[in-house]
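Numbers in the numbering used here are just positions in the sequence shown, counted from 1, shifted up by 57.
Virtual Cβ for every residue (Gly too), placed ideally from N, Cα, C.
Just so we're clear, the structure is a prediction, and the values are computed from it rather than from any experiment.
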Amino acid sequence: MDNIRYDEREKKLYVVDQTLLPNEEKEILLDTAEEMYDAIKLLKVRGAPAIGICAGYCLYVLSLQIKAENGDAFCEELKKKADYLNSSRPTAVNLSWALKRMVAVAEKNSALSGEALRARLLEEARAIHNEDIEMCRSISELGLSLVKDGYGILTHCNAGPLATSRYGTALGPILLGTERGMKFKVFADETRPLLQGARLTSYELFKAGVDVTLICDNMANTVMRNGWVQAVFVGCDRIAANGDTANKIGTCGVAVLAKHYGIPFYVLGPTSTIDMNSKTGADIKIEERDPDEIKTMFYAKPMAPLGVKCFNPAFDVTDNNLITAIVTE
Ligand code: MRU
Numbered sequence: 058m059d060n061i062r063y064d065e066r067e068k069k070l071y072v073v074d075q076t077l078l079p080n081e082e083k084e085i086l087l088d089t090a091e092e093m094y095d096a097i098k099l100l101k102v103r104g105a106p107a108i109g110i111c112a113g114y115c116l117y118v119l120s121l122q123i124k125a126e127n128g129d130a131f132c133e134e135l136k137k138k139a140d141y142l143n144s145s146r147p148t149a150v151n152l153s154w155a156l157k158r159m160v161a162v163a164e165k166n167s168a169l170s171g172e173a174l175r176a177r178l179l180e181e182a183r184a185i186h187n188e189d190i191e192m193c194r195s196i197s198e199l200g201l202s203l204v205k206d207g208y209g210i211l212t213h214c215n216a217g218p219l220a221t222s223r224y225g226t227a228l229g230p231i232l233l234g235t236e237r238g239m240k241f242k243v244f245a246d247e248t249r250p251l252l253q254g255a256r257l258t259s260y261e262l263f264k265a266g267v268d269v270t271l272i273c274d275n276m277a278n279t280v281m282r283n284g285w286v287q288a289v290f291v292g293c294d295r296i297a298a299n300g301d302t303a304n305k306i307g308t309c310g311v312a313v314l315a316k317h318y319g320i321p322f323y324v325l326g327p328t329s330t331i332d333m334n335s336k337t338g339a340d341i342k343i344e345e346r347d348p349d350e351i352k353t354m355f356y357a358k359p360m361a362p363l364g365v366k367c368f369n370p371a372f373d374v375t376d377n378n379l380i381t382a383i384v385t386e
């Protein structure tokens, strides 16, 4: 099942609701701007490249709902919708990158007829999607060249097919190597607070027949100390011009551990995740999320007193000196 699917016949956009996984594989329809905003904000669709792909199709679907045929009025309305979607999550640069790309295409072609203009927008959304497929493939090949058969690999959060298009970034080399008969022993951090590692990474790798072992985030030290990890692969949400990298909260701690044990720490992500406007990691806005994600979400009963104070940043920044290499397409 494709995680993001534009149905040409129905002219409708569907995404797999990632908050229901691994228990339910279900597509949801994204038709209104509010549904699209919520899907991104509530992590129904998540992972930096997937958010970008989804945003491209969202803007195309919304363009079909704009009354103005074409011209400035059309572009202004489209830009408003892009700004609204862009306000759903602040850290992954792929969201604004894809939206800007779509708006630029509209502005360049605003003199075309309404139908031709919208056709150009669909073409661009598809281009963003297809480029991601190519990008993942290329990152997977390059990442694979950094590891050997039998390696233990630790990963944090989810940077697999669900977070991208196909293969993924951090999981790409593992999936590609597995297809070629290589055997890896993968340790997936559960990745508190939303458990993308447990719910999504272990699900994707397990389904693909990879030897995956789920660990709690605070066990990464133990598996590294035991000598079970030869490389760390993680994805990224925004890479600053100096190489500082924002990724799911907890990534920096893994990088510090990897440095301590002399284990190479690789960041894998498309060039669209590099933001030259952020000079260093200090310029990256870190999203803070609802405390309920720590206290109640996914638990049968609250895991903490409901009134207790919580701090819930979704990302952290790993300093460039902790990163062995950044693998792009
Ligand atoms: O909050 P999320 O689940 O969107 O965060 C995702 C991550 O941090 C991923 O590692 C990153 O987006 C790369 S996905 C290829």
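- The C-beta of R256 has 16 or more other C-beta atoms within 10 Å across all chains shown, which makes the residue buried.
- In this structure, the CA atom of L179 is about 15 Å from the CA atom of N127.
- Taking C-beta separations shorter than 7 Å and ignoring five residues to either side along the sequence, the partners of L314 in its chain run A277, N278, M281, following chain order.
- In the structure shown, V313 adopts helical secondary structure according to DSSP, grouped into three states.
- If the five residues before and after D74 are omitted, its C-beta is found closer than 6 Å to the C-beta atoms of K83, I85, K101, all from its own chain and listed in chain order.
- Inclusion of G209 and A265 in the CB contact set at 9 Å is not warranted, their separation being larger than that value.
- Within the same chain, and ignoring the five residues on either side of L232 in sequence, the residues whose Cβ sits closer than 6 Å to its Cβ are Y224, A265.
- In the same chain as N369, and ignoring 5 residues on each side of it, the C-beta atoms closer than 8 Å to its own belong to P250, E345, R346, D347, P348, E350, I351, in chain order.
- The beta carbon of S197 sits closer than 6 Å to the beta carbons of Y224, G229, P230, L233 from its chain, once the five residues preceding and following it are set aside; these are given in chain order.
- Distance from the CA of H213 to the CA of G310, rounded to the nearest whole angstrom, comes to 10 Å.
- In this structure, V365 lies away from L325, with their beta-carbon atoms at least 9 Å apart.
- Between the beta-carbon of C115 and that of L87 there is about 6 Å, and that keeps the pair under the 8 Å contact cut.
- In the same chain as K242, and ignoring 5 residues on each side of it, the C-beta atoms closer than 6 Å to its own belong to G209, D268, in chain order.
- Here the distance from the Cβ of V150 to the nearest heavy atom of the ligand MRU is not below 8 Å.
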